[in-house]
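Counting in our numbering, the sequence shown runs from 1 upward without gaps.
To start, the structure itself, in structure tokens.
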Amino acid sequence: MAARDLQERIKKLIIDRRLASGAPLPTEPELMEYLGASRNSVREALKALQAMGIVEIRHGFGTYVGPMSLAPMIEGLAFRTVAGHYRGEDSLLQLLELREAVETGLVSRLAGRMPEADLVELDALVVRMEEEAAQGAGLAETDRAFHATLYRGLDNVLLCEVLEAFWDAFHRVRTDLGGEPQDPKVTCRQHREILDAVRSGDAMRAEEAIREHFGNIRARLSTTAPHGPHTRHNERV
């Protein structure tokens, strides 16, 4: 039996038995009998599934359903993007456009509907960004926290993981950009505008604020040619 077929049958077993993350899988001999496959074939299939985060092999204890993490997707997306970039493709721009489309579509659902506690937290994050900009410090982590907090209210765990995957992939593979970096004070103003639009309940204004937020980095990517794998970790979009 082909290795791919074994992997698919093990995945089907997990689904059919409604096994949750952390649940034990059948023992190796039981899987051999169930799949009608050799020990080596079963082990190779499990190793491949472990690399995808679908199963977790705990040596001496057994095999369990994995955490179902999106980490493998992030790794694959990051590699594909940077590889394409160094082939002269506009893969970074494509990834940015995808993220922009997701965020623009989501922010309109939040306008006028966010709990006051979340709005207060977002306001505090913008204030922190303004303080960091005034001190000449990087805005990276505060910017990231702002976006995470903004969409947290949708209460969609999978959505949050997908957004985090896009964020990590883009910033891990981003290389030297053309044009001038955006003034941190402008970045702060854009985040303040996003917050004000969401608070006011104006969905169209919120969407436009997100588009403006991505405008500088989109323009820089549109004129960027690949030079080398030098990442600027402090820039955020």
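Here a beta-carbon is modelled for each residue, glycine too, at the ideal position from N, C-alpha and C.
Between the CA atoms of residue j and residue i - distance to the nearest angstrom
i	j	result
residue 142	residue 54	32 Å
residue 46	residue 5	12 Å
residue 48	residue 83	23 Å
residue 201	residue 109	9 Å
residue 111	residue 188	19 Å
residue 215	residue 36	56 Å
residue 130	residue 147	16 Å
residue 60	residue 22	16 Å
residue 107	residue 29	51 Å
residue 155	residue 15	24 Å
residue 151	residue 94	22 Å
residue 170	residue 96	7 Å
residue 133	residue 184	6 Å
residue 56	residue 160	23 Å
residue 87	residue 181	24 Å
residue 104	residue 10	38 Å
residue 24	residue 65	6 Å
residue 33	residue 7	15 Å
residue 235	residue 85	With a pLDDT of 47 at residue 235, under the threshold of 50, the predicted position of this residue should be treated as unreliable, though the coordinate-derived value follows. Distance between the alpha carbons of residue 235 and residue 85: 18 Å.
residue 206	residue 20	38 Å
residue 40	residue 13	19 Å
Residue i: first and last residue of the uninterrupted alpha helix (DSSP H) it sits in
i	result
residue 121	116-135
residue 155	That residue, residue 155, is in no alpha helix (DSSP H); it is neither H nor E in DSSP.
residue 9	3-16
residue 204	203-222
residue 48	39-51
residue 113	Residue 113 -> no alpha helix (DSSP H), and no H or E assigned at all.
residue 19	Looking at the DSSP string, residue 19 is not in any alpha helix (DSSP H), and its letter there is neither H nor E.
residue 89	First-last for residue 89: undefined, no H or E at that position.
Sequence-distant residues of the same chain with beta carbon closer than 8 Å to residue i, five excluded per side
i	result
residue 165	70, 73, 74 and 77
residue 162	70 and 102
residue 190	209, 212 and 213
residue 123	195
residue 218	93, 96, 97 and 100
residue 121	149
Beta-bridge pairing of residue i - partner residues as DSSP gives them
i	result
residue 63	57
residue 184	Answer by DSSP bridge pairing: none, since residue 184 is not bridged.
residue 24	64
Cβ neighbour criterion (16 or more within 10 Å) applied to residue i
i	result
residue 79	exposed
residue 42	buried
residue 27	exposed
residue 91	buried
residue 51	exposed
residue 223	exposed
residue 18	exposed
residue 204	exposed
residue 116	exposed
residue 220	buried
residue 2	exposed
residue 186	exposed
residue 127	exposed
residue 198	buried
Cβ shell of residue i (< 7 Å), same chain only, five flanking positions each side left out
i	result
residue 125	142, 145, 146 and 149
Residues near residue i in its chain [Cβ-Cβ closer than 6 Å; skip 5 each side]
i	result
residue 168	74
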